[in-house]
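Residue numbers (the numbering used here): 136 to 578.
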């Protein structure tokens, strides 16, 4: 389950150098100690939740639905209403097992530092499910404090964030911390069967992949400006539409499909080029992100992964991955799949819930002391999606090596409610939108 696709030597050397630099500048100087098996003195895994949105609540539900003794003991969010609403939802979902949700008022934390207070609580495992712009710093802090970590994908929105995660991943390995990343297809039975057949050579020489997340889109902005006290709250409430918090949908959502191709190919791309823009979501309420991307990822073996993602309603949709080989074709679409070769046609279906399986697998690793760290592939698949965004926003060919070395940071290091967000609207309420040929992903 914790397979990590290979990274070519130049990129691996770069990551080693990046980790060493992080240590040299003190980024990792505060890491100390190793994980205790259980904080409570028994075999109960005590869970803390950071980020009380829909996915965070879903991940908490799945963490609490495993076989062993487990309980949610702390929650944190930047918004009080998020926390109270989702705490109520979880209490209702576990009405028949109320002991699994034990979050009294003194373990409910609100604000920009809520993540630290959750992690500093008497927990064994923290779920990091805030918008991804905040993930690298939260992950780094959790590793420093010796906690097991399940973090949602993507794990960053920019290259400095990815490098921070990669450095902390190495420290987590030294401390034997278990690290899970929410790329659930890697735990899905039909994908695992497909992987075995693929690696067995059933498709022959694989010529290319195409991966899609073409859909109608996600939720509309949830709060108007009049409902928010300032611009920062407005953007945080409507985080999906701002690249500095979300990464754009090629990173936040399409990472799933990009990750599948990299996982099966067992490598990451060396260069990307792409095109995209905003055709449907042009209203200022949709912030600054694109509504469509088309990217070519080029690999060392001279093959390509052709990537598309789109958020436009009332048109043809597909969320799927296909590989084309000299002996056949693999076609995966979540819980449905098929492989057609010269000798057979195989249906690849899955009855298990991969969102649940990934938590079952991680908690088994915690209980049995198994090696379990999905952080490197979580970071590199995130970086691959970021590479695609950088190439599309700029309209340039961009190498992975150069992209990963970029110092362009989208996320402020410190924030308070008085902070001005990194992007601001003009007097018409319009946000700056990247223009290919003009936008620089490095400055």
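For glycine and all other residues, C-beta sits at the position ideal for the given N, C-alpha and C. Source: prediction; values computed, not measured.
- In the three-state scheme derived from DSSP, where H, G and I count as helix and E and B as strand, residue 272 is classed as helix.
- Sorting 222, 463, 305, 402 by C-alpha distance to the C-alpha of residue 436 places 402 at the top.
- Judged by beta-carbon spacing, residue 539 lies beyond the 8 Å limit of residue 559, meaning their Cβ atoms are not closer than that value.
- Taking each of 232, 216, 265, 202 in turn and checking the Cα distance to residue 183, the smallest one comes out for 265.
- Annotation: residue 269 to residue 483 spans about 36 Å, alpha carbon to alpha carbon.
- DSSP places residue 456 outside any alpha helix (DSSP H); the residue lies instead in the beta strand (DSSP E), whose first and last residues are 453-460.
- Residue 425 sits away from residue 477, with the two beta carbons spaced by 8 Å or more.
- Contact between residue 379 and residue 546 is confirmed by a C-beta separation of about 6 Å, below the 8 Å threshold.
- Burial is judged here by how many other beta carbons sit within 10 angstroms of a residue's own beta carbon; residue 541 has at least 16 and is buried.
- The Cβ neighbour count for residue 361, taken over all protein chains shown within 10 Å, is under 16; the residue is labelled exposed.
- In the displayed model, residue 441 falls within a strand according to three-state DSSP.
- The C-alpha of residue 345 is placed about 15 Å away from the C-alpha of residue 408.
- According to DSSP, residue 344 shares a beta bridge with 440, 458.
- In the structure shown, residue 191 falls within a helical segment according to DSSP collapsed to helix, strand and coil.
- DSSP places residue 431 in the strand class (E or B) of the three-state scheme.
- Beta-bridge partners assigned by DSSP to residue 182: 207, 260.
- Residue burial is scored here from C-beta neighbours: residue 392 has at least 16 other C-beta atoms within 10 angstroms and is therefore classed as buried.
- Closest by C-alpha distance to residue 357, out of 200, 310, 421, 365, is 421.
- Beta-bridge analysis with DSSP links residue 416 to no other residue.
- Note on geometry: alpha-carbon atoms of residue 297 and residue 275 lie some 11 Å from one another.
- Residue 185 is positioned such that its CB atom lies no closer than 8 Å to that of residue 203.
- Cβ-Cβ distances below 8 Å link residue 423 to 376, 377, 378, 558, 566, 567, 568, 569 in the same chain, with the five nearest sequence neighbours on each side left out; the list follows chain order.
- About 22 Å separates the Cβ atoms of residue 512 and residue 193, ruling out a contact at the 8 Å cut-off.
- Boundaries of the alpha helix (DSSP H) around residue 301: 294-309.
- Counting the other Cβ atoms within 10 Å of the Cβ of residue 529 gives 16 or more, which makes it buried.
- Cα atoms of residue 514 and residue 249: separation of roughly 24 Å, rounded to the nearest angstrom.
- Residue 316: member of the beta strand (DSSP E) spanning 314-316, first to last residue.
- Cα atoms of residue 320 and residue 389: separation of roughly 13 Å, rounded to the nearest angstrom.
- Annotated three-state conformation of residue 411 is strand, per DSSP.
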